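I have placed the structure first, in the form of structure tokens, so that the comments after it can refer back to it.
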Amino acid sequence: MKQFSSFHSRHLPFIVRIATRNKMRLFIASSYQWHRQRLVVNPTFSAAKLKLMTALVNECIESFMDKLSEKCEEQADCNIYIIYKQLTMDVICNPSKNNSEMDDNDSDVMSKKLQYEEVISNVFLFMIAGYKTTSTALTYCTYILATHSTIQEKLRAEIDEQQDKYGSDYDRVHNMIYLDLFIREVLRMFPIAPKAVSRECNETTTVCGYVIEKGSAIQPDVLSLHYDPDLWGSDDPNLFVPERHLTRRHPMAYMPFGQGPCNCVGMRFAPMELKLSLTRLLHQYIILPEKQIQSSIIGNKFETKLSEIDTASNDGYQQPNADKLPSQRSIDANR
321 MKQFSSFHSR
331 HLPFIVRIAT
341 RNKMRLFIAS
351 SYQWHRQRLV
361 VNPTFSAAKL
371 KLMTALVNEC
381 IESFMDKLSE
391 KCEEQADCNI
401 YIIYKQLTMD
411 VICNPSKNNS
421 EMDDNDSDVM
431 SKKLQYEEVI
441 SNVFLFMIAG
451 YKTTSTALTY
461 CTYILATHST
471 IQEKLRAEID
481 EQQDKYGSDY
491 DRVHNMIYLD
501 LFIREVLRMF
511 PIAPKAVSRE
521 CNETTTVCGY
531 VIEKGSAIQP
541 DVLSLHYDPD
551 LWGSDDPNLF
561 VPERHLTRRH
571 PMAYMPFGQG
581 PCNCVGMRFA
591 PMELKLSLTR
601 LLHQYIILPE
611 KQIQSSIIGN
621 KFETKLSEID
631 TASNDGYQQP
641 NADKLPSQRS
651 IDANR
């Protein structure tokens with residue numbers, strides 16, 4: 321479907337449409353209003369701006385790691401999903417408090433401004449969009465790492481190999497190929513917001529011989545696409561295989577961030593946040609499975625355990641020791 325002019329609005333339930341009729345946030349804007357806001361917001365997520373944000377994100381990650389260390393010392397159960405949510409909220413709020421460096425002398429941004437009401441609406445949108453989505457993705461990453469030790473070892477090896485190769489954390493994680501494949505596969509198996517890619521037909525249109533009436537809702541079945549063996553080749557789509565993303569696929573086979581002009585504006589920021597968080601976590605800890613880690617329990621709760629890496633040993637690692645930092649992580653993946 322390529323007729324963007326006929327499908328530029330998101331489909332909203334009636335009650336949501338009424339509640340947001342005076343709101344002007346990017347997610348629900350349409351036509352000229354959406355186009356103007358997108359032009360203003362897009363430069364915020366350019367590669368250059370993301371590179372500037374890296375230090376601010378790392379500040380939040382250090383705070384997150386301190387909280388993990390405290391929990392390990394207490395040797396008590398905790399819900400790591402809650403700690404992940406604290407991390408993602410810190411990441412959202414920290415750049416907003418420290419954006420002077422990014423905004424100075426930026427004539428492109430200064431010449432295109434959002435209206436006051438648009439700013440208020442979009443601040444709310446970014447908090448919602450960047451809070452639970454990324455924390456949930458981190459939780460699924462934790463589950464996969466705990467249940468796939470070989471993959472975790474490959475990731476850790478890549479992290480250590482790249483540790484001193486690049487001058488900035490942004491360049492380093494950007495060049496971690498296996499980490500990128502890992503995150504892509506997590507988001508393929510566990511797309512965080514599949515309903516967000518819905519569209520509404522703005523004018524009666526014919527697509528591939530089918531007449532779609534104005535006002536019709538179009539909802540791609542993202543899960544079916546992500547698990548379609550015809551689209552994903554010989555490897556069982558139900559298995560976690562990061563290497564499958566090395567093969568060129570149909571452009572619409574993978575859409576965790578949507579597709580087309582209305583795709584997620586943070587589709588580069590979110591993976592960067594995931595990569596920075598995971599590299600820091602895996603550099604210090606080994607994630608181990610606990611008693612409630614069966615795959616059938618992914619929709620409810622699962623438990624993992626962190627074991628700290630012994631950087632003083634000859635090879636930098638130690639075998640996981642249940643007596644050392646046996647802090648259990650009881651993670652609710654259904655929130």
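Anchor point for the sequence shown: position 124 equals 444 in my numbering, and the numbering is continuous, going up by one each time. Beta carbons: idealized from backbone N, C-alpha and C, even for Gly. Model, not experiment: these values are computed from the prediction.
Practice problem: Write down the C-beta distance between A457 and V506 rounded to the nearest angstrom, noting that I regard them as a contact closer than 8 Å. | Solution: A457 to V506, Cβ: 7 Å. Contact.
Self-check item: Residue-level contact to chain B via CB, V506, 7 Å cutoff
Solution: This model lacks chain B altogether, as it is built from one protein chain only.
Quiz item: Looking at C521 and I532, is the spacing between their C-beta atoms short of 7 Å?
Solution: Contact: yes.
Quiz item: Alpha carbon to alpha carbon, what distance is there between V561 and K474?
Solution: The straight-line gap from Cα to Cα measures roughly 13 Å.
Practice problem: Report the three-state DSSP secondary structure of L608 (helix, strand or coil). | Solution: It is a strand residue.
Quiz item: If we call anything under 7 Å between Cβ atoms a contact, is M447 one with I412?
Solution: Between M447 and I412, the gap from beta carbon to beta carbon is short of 7 Å.
Exercise. With hydrogens ignored, establish whether the beta-carbon of S389 is closer than 6 Å to any heavy atom of the ligand NAD.
Key: In terms of ligand content, the structure shown is empty, and the ligand NAD therefore cannot be addressed.
Practice problem: Could you tell me the distance, in whole angstroms, from the CA atom of K625 to the CA atom of Y605? | Solution: C-alpha separation (whole angstroms): 10 Å.
Quiz item: Hey, would you say A391 sits closer than 7 Å to C398, going by beta carbons?
Solution: What sits at residue 391 in the sequence shown is Lys, not Ala. Going by C-beta atoms, K391 is nearer than 7 Å to C398.
Quiz item: Out of curiosity, what's the CA-to-CA distance linking N583 and S518?
Solution: Answer to the nearest angstrom: the Cα atoms are 11 Å apart.
Quiz item: If we count Cβ pairs, one from each stretch, closer than 8 Å, do we get three or more for the region 590-600 versus the region 466-473?
Solution: No: the two stretches stay apart, fewer than three of their Cβ pairs being nearer than 8 Å.
Quiz item: Which residue from I497, G580, L596 and S597 puts its Cα closest to that of Q323?
Solution: Out of I497, G580, L596 and S597, G580 has the C-alpha closest to the C-alpha of Q323.
Quiz item: Span of the beta strand (DSSP E) holding I471?
Solution: From DSSP, I471 is part of no beta strand (DSSP E) but of the alpha helix (DSSP H) over S469 to Q482.
Quiz item: Going by alpha carbons, who is nearest to S597 out of R476, H565, P576 and Y574?
Solution: The alpha carbon of S597 has as its nearest neighbour, out of R476, H565, P576 and Y574, the alpha carbon of R476.
Quiz item: How many whole angstroms separate the CB atoms of Y401 and T454, which I take to be in contact at a CB cut-off of 8 Å?
Solution: Contact between Y401 and T454 is ruled out by a C-beta separation of about 12 Å, above the 8 Å threshold.
Quiz item: At what residues does the alpha helix (DSSP H) containing V377 begin and finish?
Solution: Counted as a single uninterrupted DSSP element, the alpha helix (DSSP H) harbouring V377 occupies residues A367 to E394.
Quiz item: Going along the chain, which residues of its own chain have a beta-carbon closer than 8 Å to the beta-carbon of Y498, five neighbours each way excluded?
Solution: Around Y498, the same chain offers K474, L475, E478 and P562 as residues with beta carbons nearer than 8 Å, after the five sequence neighbours per side are excluded.
Quiz item: Below 7 Å between beta carbons: does that hold for L602 and S627?
Solution: Taking 7 Å as the Cβ cut-off, L602 and S627 do not qualify as a contacting pair.
Quiz item: In this structure, does DSSP put Y547 in helix, strand or coil?
Solution: Coil, per DSSP.
Exercise. Leaving aside the five residues before and after K405 along the sequence, list all residues of the same chain whose C-beta is less than 6 Å from its C-beta, in chain order.
Key: Annotation for K405: S455 place their beta carbon closer than 6 Å to its own, counting only its chain and skipping 5 residues before and after.
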